[in-house]
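Numbering (this note's numbering), first residue to last: 4 to 400.
Shown next, in structure tokens, is the structure this report addresses.
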């Protein structure tokens, strides 16, 4: 069982509460609360740090365009097995998502009846903030955090409204179309003093205006795009290839998945957001541009949450001899992602307790496109990111 024994209760407000990742996370905590003695997949399960909340003391609420209770949602996603569905059904059926802010302009193809039709940006922000206030009161939590697990939005252009807090405030007042739901949720969280983590590729707290806001309000923020499967493997392998002076001539990565995230990525603009975060990792680690670095993602409905990530790596070694490495990672997308979302929530809460606001770079380990606070290039190598997190936690390595 987790060594964290803070006695602190943490409320986690999830954007996309009815999705596969969120329902898996909520069910996982319920299984742990019922006495599970295995904490596989939770990277910080053995870390004992004062103030780090115990998994059993996490409670959940949040928003989704689908208003189904979480037991029904989990059954539809088909990630949990029958035993886990049966064990958690009572607890999950008691949780229904709050009406969500959505936009067909930012995320085409993902809609639902559980939508809050705000008359403008300011009204949307106030509705989100009101939900957070109510959740803090009804959950009895000592602190709350917000985690974005919603579907991927398209990336807006380089709009002036996003580049400074003053410009963003004016853009909110005029309902500027460059501001999407992810940014509204992030703004509402920061304004409410609630730490915010972005597990999606959507532009949110990483917009310059919102980074400025988080720093000014001293609210912890982190993101973006959870690093779960293929990119995690890439950030493990690439440093080893560099250390052995094996030159990467080309790296072809392809993914097939059939869950709701995969369906959202059928939209070319949402897909472009995802490919952008996945594609920037390799050159940073290797120190040179890999011209033939190709990344392909395809929605393949029969797979559901059972994603397949396949990599072909062409390398050159001593005396120019050519070699290949092939990796085929058959994984459960949400089973990899859910524990990371839980750890991000715990660390963000701890950062707030410590008074550490603004961008939390120590959480880079969990993201494909880590946010940085002062404009330097992010660290992508897995081992370096892990050391950064453990140093910040003050945990033995």
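Note that beta-carbon positions come from the ideal geometry of N, C-alpha and C, so glycine has one too.
How many angstroms separate the CA atom of residue i from the CA atom of residue j?
i           : j           : result
residue 334 : residue 256 : 15 Å
residue 322 : residue 239 : 25 Å
residue 383 : residue 287 : 7 Å
residue 385 : residue 392 : 11 Å
residue 309 : residue 258 : 11 Å
residue 254 : residue 331 : 13 Å
residue 81  : residue 140 : 33 Å
residue 302 : residue 53  : 43 Å
residue 201 : residue 170 : 22 Å
residue 349 : residue 129 : 25 Å
residue 346 : residue 324 : 43 Å
residue 50  : residue 85  : 31 Å
residue 28  : residue 336 : 12 Å
residue 299 : residue 251 : 18 Å
residue 4   : residue 31  : Caution applies to residue 4, whose pLDDT of 42 falls short of 50 and renders its modelled position unreliable; the value that the coordinates give is listed next. Cα-Cα distance, rounded: 13 Å.
residue 70  : residue 245 : 48 Å
residue 61  : residue 12  : 6 Å
residue 313 : residue 98  : 36 Å
residue 387 : residue 119 : 42 Å
residue 114 : residue 20  : 14 Å
residue 68  : residue 101 : 8 Å
residue 104 : residue 150 : 15 Å
residue 395 : residue 365 : 7 Å
residue 296 : residue 136 : 46 Å
residue 248 : residue 320 : 7 Å
residue 237 : residue 369 : 13 Å
residue 233 : residue 223 : 27 Å
residue 241 : residue 367 : 17 Å
residue 327 : residue 293 : 15 Å
residue 176 : residue 16  : 25 Å
residue 185 : residue 156 : 8 Å
residue 58  : residue 187 : 28 Å
In the DSSP assignment, what are the bridge partners of residue i?
i           : result
residue 223 : 361
residue 319 : 250, 325
residue 256 : 298, 314
residue 118 : 103
residue 199 : 149, 224
residue 66  : 18, 101
residue 331 : 313
residue 370 : 229
residue 61  : 13
Residue i and residue j look like a contact to me (Cβ under 8 Å); what is the Cβ gap, rounded to whole Å?
i           : j           : result
residue 153 : residue 18  : 5 Å
residue 33  : residue 74  : Between residue 74 and residue 33 the Cβ distance is about 11 Å, and since that is not below 8 Å, they are no contact.
residue 230 : residue 371 : 5 Å
residue 24  : residue 340 : 5 Å
residue 260 : residue 55  : In fact, because the Cβ distance is near 32 Å, the residues do not count as touching under 8 Å.
residue 167 : residue 64  : That belief does not hold up - the Cβ atoms of residue 167 and residue 64 are roughly 32 Å apart, past 8 Å.
residue 72  : residue 96  : 5 Å
residue 132 : residue 191 : 5 Å
### Validate contact between the segment 217–232 and the segment 369–384 using beta carbons, cut 8 Å, 3 pairs
Two segments are said to touch when three or more pairs of C-beta atoms, one from each, lie closer than 8 Å; by this definition the segment 217–232 touches the segment 369–384.
### Task
Could you say if the segment 42–55 and the segment 88–98 meet the contact criterion of at least three C-beta pairs nearer than 8 Å?
Cβ pair count under 8 Å is below three, so no.
### Query
Is the segment 197–206 touching the segment 170–181 in the sense that three or more CB pairs, one from each, lie closer than 8 Å?
In short, these stretches do not touch, since the Cβ pair count stays below three.
### Query
What are the complete alpha helix (DSSP H) segments, minimum 4 residues, inside the segment 152–213?
List check, alpha helix (DSSP H) in window: 168–176, 184–194.
### Task
Please determine if the segment 114–125 and the segment 152–164 are in contact, where contact requires at least 3 C-beta pairs separated by less than 8 Å.
Taking one beta carbon from each stretch, the segment 114–125 and the segment 152–164 have fewer than 3 pairs nearer than 8 Å; the two do not touch.
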